[in-house]
Amino acid sequence: MNINFDNSAGTFPKPESVRRAVANAMRRYGGNPGRGGHRLSQETAEQVYRVRKLAADFFGAEPENTAFTPNCTYGLNMAIKGIMQFGGHMIISSMEHNAVSRPVYSLTRRSGVKCSVADLCGDPERDISVLEGLIRHDTLCICCTAASNVTGRILPFREIGDLCRRRNIAFICDCAQGAGILDLGLKDGIDFICTSGQKGLYGPTGTGFLVSSGRFPLSTIIEGGTGATSAELAQTPFMPEKLESGSLNTAGIIGAGAGIEFVTTRTPEKIRSHEAKLCKRLEEGLLSISSDIRIFDADKPRAPIVSFLLPGESSEETAQKLNGAGFSLRGGLQCAALAHESLGTISTGTVRFSPSVFNDLGQTDRLLNVIDGIMRKKKAH
Amino acid sequence: MPSRKKARIAMTSITYAMKAKELLRSLGYSCEVERMPKGLGSGCGYSIIIYTDSDVITALLEKRGIPHKGVYPA
Numbered sequence: 573m574n575i576n577f578d579n580s581a582g583t584f585p586k587p588e589s590v591r592r593a594v595a596n597a598m599r600r601y602g603g604n605p606g607r608g609g610h611r612l613s614q615e616t617a618e619q620v621y622r623v624r625k626l627a628a629d630f631f632g633a634e635p636e637n638t639a640f641t642p643n644c645t646y647g648l649n650m651a652i653k654g655i656m657q658f659g660g661h662m663i664i665s666s667m668e669h670n671a672v673s674r675p676v677y678s679l680t681r682r683s684g685v686k687c688s689v690a691d692l693c694g695d696p697e698r699d700i701s702v703l704e705g706l707i708r709h710d711t712l713c714i715c716c717t718a719a720s721n722v723t724g725r726i727l728p729f730r731e732i733g734d735l736c737r738r739r740n741i742a743f744i745c746d747c748a749q750g751a752g753i754l755d756l757g758l759k760d761g762i763d764f765i766c767t768s769g770q771k772g773l774y775g776p777t778g779t780g781f782l783v784s785s786g787r788f789p790l791s792t793i794i795e796g797g798t799g800a801t802s803a804e805l806a807q808t809p810f811m812p813e814k815l816e817s818g819s820l821n822t823a824g825i826i827g828a829g830a831g832i833e834f835v836t837t838r839t840p841e842k843i844r845s846h847e848a849k850l851c852k853r854l855e856e857g858l859l860s861i862s863s864d865i866r867i868f869d870a871d872k873p874r875a876p877i878v879s880f881l882l883p884g885e886s887s888e889e890t891a892q893k894l895n896g897a898g899f900s901l902r903g904g905l906q907c908a909a910l911a912h913e914s915l916g917t918i919s920t921g922t923v924r925f926s927p928s929v930f931n932d933l934g935q936t937d938r939l940l941n942v943i944d945g946i947m948r949k950k951k952a953h
Numbered sequence: 059m060p061s062r063k064k065a066r067i068a069m070t071s072i073t074y075a076m077k078a079k080e081l082l083r084s085l086g087y088s089c090e091v092e093r094m095p096k097g098l099g100s101g102c103g104y105s106i107i108i109y110t111d112s113d114v115i116t117a118l119l120e121k122r123g124i125p126h127k128g129v130y131p132a
């Protein structure tokens with residue numbers, strides 16, 4: 573099996589506790605939570621609430637303001653469209669994933685929403701000044717990532733939270749790469765934490781969270797059965813059921829809870845420190861192989877990601893060679909065209925190295941040996 | 059509704075019912091979550107069954123911002 577250095581797309585392998593939790597859920601918790609008074613439903617509802625509380629505590633929220641989503645993209649769509657679907661102005665950053673840029677683009681085309689893209693350079697003071705300069709009388713929110721999924725660059729999310737509080741606008745934060753790695757929560761002034769359960773939180777695929785501060789009510793973009801207020805045609809008006817139409821992914825949710833427990837026990841600080849050590853080893857190794865290897869955002873505070881490009885070939889070619897040698901890394905645009913435009917890598921993409929808590933220095937050194945071999949072959953030609 | 063020992067408190071949702079149960083048990087009160095019986099309330103409601111003066115319990119819920127929809131005999 574390949575060694576996985578593409579953990580930004582989804583951590584793998586999963587902790588044993590997560591695998592056990594999912595298997596146990598499939599055996600024991602088959603009732604539909606919140607949909608009946610019988611024991612199977614109640615027992616499953618207990619488990620779902622337990623995970624809701626775990627996630628709420630993890631991000632400093634109330635359980636009723638913590639909604640389950642199928643992934644981060646769904647959470648972002650629900651938050652962005654829930655705030656913006658009746659028009660207004662919003663601001664996004666130049667480092668966004670398509671999970672932000674595409675729904676925003678769609679709103680600008682279909683709903684008359686106006687959007688400004690803040691060109692952020694990585695200097696927190698300048699970046700905040702740029703963002704503040706873009707706020708208009710009709711600005712409803714700033715939506716940006718906590719850490720870029722391309723380079724790992726950490727945006728000044730705490731300062732952005734302060735800015736949004738001062739100007740009384742909502743702050744929607746894409747925490748797909750930050751949750752489980754960075755110390756972030758509602759305490760940082762974030763109004764909507766949108767995140768995946770399957771990345772830094774080590775849960776199963778098909779899980780995510782939309783965590784709200786409760787300051788800004790969201791309009792719904794999906795309506796249906798919630799298990800509450802069933803006699804009414806209007807959507808259930810209160811959280812979290814308001815945002816959870818249809819049956820929940822109970823086995824995934826229970827697994828995501830085990831993932832949060834795993835991260836809480838290890839602590840995000842220790843996980844980040846371990847992964848940062850591997851990133852440092854890779855960066856130093858790459859630079860010692862050749863000064864022609866480009867590393868992006870190397871001088872900026874970053875989540876544990878190294879985005880690089882070998883000279884004379886596309887990122888996809890490099891990723892393919894590494895795959896052939898037994899290493900899974902992501903080449904191309906990583907679904908973040910806006911960020912690549914900003915980095916000047918839209919035509920080449922970058923190769924992304926993103927370790928997890930299960931990778932080690934030995935694996936990193938073996939990857940460096942393979943890259944050294946690729947570079948030697950290039951020189952020989 | 060006069061206070062009574064065993065009572066049913068109608069909750070707005072399963073989430074608030076669970077939250078109430080967690081709160082009350084952490085304070086040493088017995089509490090169970092049950093479906094609202096047919097004829098009480100509307101829609102697919104949930105309730106908590108309590109075994110303490112309902113005025114005490116509803117005051118606790120209100121203090122913690124947990125909404126409820128009324129007290130019924132259990």
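These protein sequence lines map, in sequence, to chains H and A. Take any residue in the first sequence, count from 1 to its spot, add 572: that is its number in our numbering. Take any residue in the second sequence, count from 1 to its spot, add 58: that is its number in our numbering. Yeah, the Cβ is synthetic: ideal placement off N, Cα and C, and Gly gets one too.
The straight-line gap separating the alpha-carbon atoms of H/Asn-670 and A/Tyr-104 is approximately 40 Å.
Nearest CB-CB separation between H/Tyr-621 and chain A: below the 8 Å threshold. Closest option to H/Pro-812, judged by alpha-carbon separation, among A/Ser-88, A/Met-76, A/Ile-107, A/Leu-85: A/Met-76. Using a 10 angstroms sphere on the CB of H/Lys-653, the tally of other CB atoms reaches 16 or more, which defines it as buried. Within the region 776-802 of chain H, Gly-799, Ala-800, Thr-801, Ser-802 place their CB atoms closer than 7 Å to a CB of chain A, listed in sequence order.
Excluding its 5 nearest sequence neighbours in each direction, H/Pro-675 has C-beta neighbours in its own chain below 8 Å: Leu-648, Asn-649, Ile-652, Lys-653, listed in chain order. No beta strand (DSSP E) of 3 residues or more sits fully in the region 712-738 of chain H. Taking the C-beta atoms as reference points, H/Val-923 is found no nearer than 8 Å to H/Gly-945.
Shown here, H/Cys-747 sits in coil according to DSSP, grouped into three states, outside any helix or strand. Residues of the region 70-94 of chain A with a C-beta less than 8 Å from any C-beta of chain H: Thr-70, Ser-71, Ile-72, Thr-73, Tyr-74, Met-76, Lys-77, Glu-80, Val-91, Glu-92, Arg-93, listed in chain order. Pairing H/Ile-765 with H/Leu-758 gives a Cβ-Cβ distance under 8 Å. Between H/Leu-782 and H/Ala-639, the CB-CB gap stays under 8 Å. The way I'd put it, the region 818-826 of chain H does touch the region 769-779 of chain H; three or more beta-carbon pairs between them come closer than 8 Å. Comparing C-alpha distances from H/Glu-888 to each of H/Leu-854, H/Val-672, H/Glu-804, H/Ile-918 shows the shortest one belongs to H/Ile-918. Between H/Gly-921 and H/Leu-901, the C-beta spacing is not below 8 Å. Taking the beta carbon of H/Gly-818 as reference, no residue of chain A falls within 9 Å; the closest one sits roughly 14 Å away. Contiguous alpha helix (DSSP H) elements confined to the region 763-835 of chain H do not occur, taking only those with 4 or more residues. H/Asn-821 counts as buried, since at least 16 other C-beta atoms from the protein chains shown sit within 10 angstroms of its C-beta. Sorting H/Phe-899, H/Glu-841, H/Ile-762, H/Gly-829 by C-alpha distance to the C-alpha of H/Glu-588 places H/Gly-829 at the top. Within the same chain, Cβ atoms closer than 6 Å to the Cβ of H/Val-722 are found at Ser-879, Gln-906, Ala-908, Ala-911, the five residues on either side in sequence being excluded. Put simply, the backbone Cα of H/Ala-742 is about 17 Å away from that of H/Leu-679. Under a criterion of Cβ atoms nearer than 7 Å, the residues of chain A adjacent to H/Gly-606 are, in order, Ile-72.
Within the same chain, and ignoring the five residues on either side of H/Phe-584 in sequence, the residues whose Cβ sits closer than 6 Å to its Cβ are Asn-576.
Close partners of H/Pro-812 in chain A (Cβ separation under 9 Å): Ser-71, Thr-73. Counting only runs that start and end inside the region 900-933 of chain H, the alpha helix (DSSP H) elements of at least 4 residues fall at 909-915. Look at the region 626-637 of chain H: the residues with a C-beta under 7 Å from a C-beta of chain A are Pro-635, Glu-636. By the neighbour-count criterion, in which a residue is buried when 16 or more other Cβ atoms sit within 10 angstroms of its Cβ, H/Glu-856 is exposed. The Cβ atoms of H/Gly-780 and H/Cys-644 lie closer than 8 Å to each other. Taking every protein chain shown into account, the CB of H/Ala-800 has 16 or more other CB atoms within 10 angstroms, so this residue is buried. The beta carbon of H/Gly-898 lies closer than 7 Å to those of Asn-574, Ile-575 in the same chain, with the five residues before and after it left out. Distance from A/Pro-131 to A/Ala-68 at the Cβ level is roughly 12 Å; contact not present, criterion being Cβ atoms closer than 8 Å. Chain-ordered, the chain A residues with CB closer than 7 Å to the CB of H/Gly-609 read Glu-92, Arg-93.
Taking a Cβ-Cβ threshold of 8 Å, the residues of chain A close to H/Ala-617 are Ile-72, Met-76, Val-91, in chain order.
Distance from the CA atom of H/Arg-592 to the CA atom of H/Gly-916, rounded to whole angstroms, is 44 Å.
Listed along the chain, the chain A residues whose CB falls inside 7 Å of the CB of H/Arg-682 amount to none; the nearest CB is some 32 Å away.
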